[in-house]
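S.K.: One structure follows; several queries about it will come next.
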């Protein structure tokens, strides 16, 4: 039997730790204390009861406050949750135990996500301490941990994003063998059927795939070899596309026939909301910056949108009520600032040192372009939704960018570590590495702190965690809710 190394033991401890955090959090959290969990659970209940998928029109899953259902959007996570709930019903009828069973899909997605992130870290970073910083910073971010504990679509989308990046990295190394192409297609299909905000990764995959073939074509020894490269490009590209159409295309064909050509279902959803929602929540009555005549620049610079998104991206827990401690926000802000400044300094240095006549490497160029797209798309969608539909500056809408963002953050931190080591005396060269280790422990401690000192005290006295808490209008919409309704 092969002897376990120190790294193996550290990985075992890491996975045991995050499994404990995710499952404990999922058990502590009462039902519907995660955003939109009740509306998602209605879909799960429908599938369990009737053994078929609901349409967006289904009254059984309608929320008459908002006037629509999540049946209009992709529901692969709810399909998986329904399977686990149905299995759990063999042993128990306890309401909260069945909710917890459904939540295990998010927990499993979190564990798979962590596995892919850990594997990706070994490809992206040479140093073990940077690998662990990337792993912990990505997996143990409080808001990410929260998403892996209740019924939602975000957890599966995050898992799919890590899968896509891993199989693209493998494809770059191995020239996209057929097995790798199949896994890319599976990953993209899971992404498509989970969450619209994660669709930027489809563009990311296409860009990286194109960039690799541009590089190999440039390196080809003769026209015949170059032609063969592009022949393989189209052949494997259509293989990936074909598998994606088979695995995920059925949903949009279904939407086309159900909703009169509305393949995404969003237009029909808005029509339902306009007809059935309470007045204050009808799309035409929602007060947003666009219908008040303000520009996007005005909202960006004269509202709390940026601060609120950054704060809730780091973590605002429960039904967006339980903030982290101030020192946690400050700590993450310092890490992010150091990483962003570091990656900018590295980029400037490389631009200065690169010879003007030296052509850019298409593979690396499209790699970074793809990652930037994965970062920009969810933020653009998040911003546009707040501007044009409903002002909800929430970091979870930007969460699909988590893996590529943390890659650049850690790469920036790595730049400063190397910079300090090159200029420091022998006696203090180990100080940066010690600081990175302490930072990793601090990040893990923050995740545990959220469970033990924020979630547990908030919910330990809840007698029946399966009962949906009813909020007052003041709690939901503020003390001036009547004034908003009159307007």
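In our numbering, the protein residues as written are -16 to 470.
Yeah, the Cβ is synthetic: ideal placement off N, Cα and C, and Gly gets one too.
The model shown is predicted, which means the values in this text are computed figures rather than measured ones.
Determine the burial state of residue 137: buried for a count of at least 16 other Cβ atoms within 10 Å of its Cβ, exposed for fewer.
M.R.: In the chain shown, counting from the first residue as 1, residue 137 sits at position 154. That one is buried.
S.K.: What does DSSP give as the partner residues of residue 181 in its beta bridges?
M.R.: Within the chain shown, residue 181 is the residue found at index 198, counting from 1. In the DSSP assignment, no residue is bridged to residue 181.
S.K.: Is it the case that the Cβ atoms of residue 184 and residue 195 are separated by a distance below 8 Å?
M.R.: Within the chain shown, the letter at position 201 stands for residue 184. Within the chain shown, the letter at position 212 stands for residue 195. It is not a contact, given that the beta carbons lie outside the stated cut-off.
S.K.: When DSSP labels each residue in this structure, what does residue 46 get in the three-state scheme?
M.R.: Counted from its first residue, the chain shown places residue 46 at position 63. DSSP, read as helix, strand or coil, puts residue 46 in strand.
S.K.: How would you write the range of the alpha helix (DSSP H) that residue 286 sits in, first residue to last?
M.R.: For the purposes of this step, residue 286 is taken as residue 303 along the chain shown, with counting starting at 1. Per DSSP, residue 286 belongs to no alpha helix (DSSP H) and is neither H nor E.
S.K.: To which residues of the same chain is residue 433 closer than 6 Å at the C-beta, ignoring the five residues directly before and after it?
M.R.: Translated into the one-based positions of the chain shown, residue 433 becomes position 450. Closer than 6 Å at Cβ, skipping near neighbours: 125.
S.K.: Is residue 70 helix, strand or coil when you go by DSSP?
M.R.: As a first step, residue 70 must be located in the chain shown, where it is residue number 87. Three-state result, residue 70: helix.
S.K.: Pair every Cβ in the stretch 60 to 78 with every Cβ in the stretch 239 to 255, then say whether three or more of these pairs are closer than 8 Å.
M.R.: Short answer: they don't touch.
S.K.: Smallest Cα separation from residue 473: which of 71, 106 and 127?
M.R.: In the structure as shown, the chain begins at -16 and stops at 470. Residue 473 is therefore absent and cannot be evaluated.
S.K.: With 8 Å as the threshold, decide whether the Cβ of residue 61 is near any Cβ in chain B.
M.R.: Annotation note: the requested chain B is absent from the structure, which comprises a single protein chain.
S.K.: CB-CB under 7 Å to residue 152, same chain, minus the five flanking residues each way: which ones, in chain order?
M.R.: One-based indexing of the chain shown puts residue 152 at position 169. Correct list, in chain order: 103 and 106.
S.K.: From which residue to which residue does the alpha helix (DSSP H) around residue 146 run?
M.R.: Translated into positions along the chain shown, residue 146 becomes position 163. Start and end: 137 to 157.
S.K.: DSSP three-state label for residue 431, please.
M.R.: Counting from 1 along the chain shown, the entry for residue 431 is found at position 448. Residue 431: helix per DSSP, three-state reduction.
S.K.: Restricting to Cα atoms, I'd like to know which of 421, 148 and 172 is closest to residue 57.
M.R.: Here residue 57 refers to the residue found at position 74 when the chain shown is read from its first residue. Comparing Cα positions, the closest option is 172.
S.K.: Where does the unbroken alpha helix (DSSP H) through residue 393 begin, and where does it stop?
M.R.: On the chain shown, position 410 is the one that residue 393 refers to. Where residue 393 is concerned, the enclosing alpha helix (DSSP H) stretches over 385 to 406.
S.K.: Under the three-state reduction of DSSP, which class applies to residue 277: helix, strand or coil?
M.R.: Walking along the chain shown from the start, residue 277 turns up at place 294. Correct three-state label for residue 277: coil.
S.K.: Beta-carbon within less than 7 Å of residue 87's beta-carbon, same chain only, minus the 5 sequence neighbours each way: which residues are those?
M.R.: Walking along the chain shown from the start, residue 87 turns up at place 104. Taken in chain order, the residues that qualify are 67.
S.K.: Specify the secondary structure class of residue 343 as computed by DSSP and reduced to three states.
M.R.: For the purposes of this step, residue 343 is taken as the residue at position 360 of the chain shown. Residue 343 falls in the coil class under three-state DSSP.
S.K.: Can you list, in chain order, the residues of its chain with a C-beta nearer than 6 Å to that of residue 261? Leave out the 5 residues immediately preceding and following it.
M.R.: One-based indexing of the chain shown puts residue 261 at position 278. Counting only Cβ-Cβ distances below 6 Å, and skipping sequence neighbours, we find 48.
S.K.: According to DSSP, which residues form a beta bridge with residue 29?
M.R.: Along the chain shown, read from residue 1 onward, the residue named residue 29 stands at position 46. Paired residue(s): none; residue 29 is not in a bridge.
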